[in-house]
Every structure is written in structure tokens, then in C-alpha cells.
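Numbering (the numbering used here), first residue to last: 163 to 230. Structure first, then comments.
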Ligand SMILES: [Zn+2]
């Protein structure tokens, strides 16, 4: 399941997908387990942007060394 959203890192529309379990574990350390379940990631190669489905301002970039 993917959905097209504006990515602030790519500065254009890109397909987003739900985060993987490994990504969710990392995100949960940042925002808590409950909120991490609602995160989506930009699928543009090399892009590390993740965000809650509807809330771009609460998104952030995953660490490149782990998820790049
Ligand atoms: Zn992106």
C-alpha cells in the first residue's frame, strides 16, 4: 500500500509507504510506540523522511547510517 504525498526533503510529490518493523522500532524511540505505528516513509531512493500520515510537521529523517 502506497500513497502519494509531498516530501519536504525531496521537495516534490513522492510515493510513501508504511514504515517497516525495523523503522518503526527506531521511530518509537523518538516519538513513542503508539504514534510510531502511524508513520509513513518516502520511497524515493536515498530519502530518509518519515512522518505521521497526516502530520508532516511531526516528521523527521531516519539516520543514514542505519536506514540509508
Ligand atoms: Zn523524500
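Note that CB positions come from ideal geometry on N, CA and C, so glycine has one too.
Whether residue i touches residue j by CB criterion (8 Å)
i	j	result
residue 211	residue 171	yes
residue 201	residue 213	yes
residue 164	residue 178	yes
residue 222	residue 192	yes
Exposure label - residue i; buried when at least 16 CB within 10 Å
i	result
residue 185	buried
residue 173	exposed
residue 175	exposed
residue 196	exposed
residue 203	buried
Give every residue whose Cβ lies closer than 6 Å to any heavy atom of ligand 1, listed in chain order.
169, 171, 172, 176, 204, 206, 209, 211
Counting only runs of 4+ residues fully inside the region 186 to 224, write out the alpha helix (DSSP H) ranges in chain order.
List check, alpha helix (DSSP H) in window: 195 to 198.
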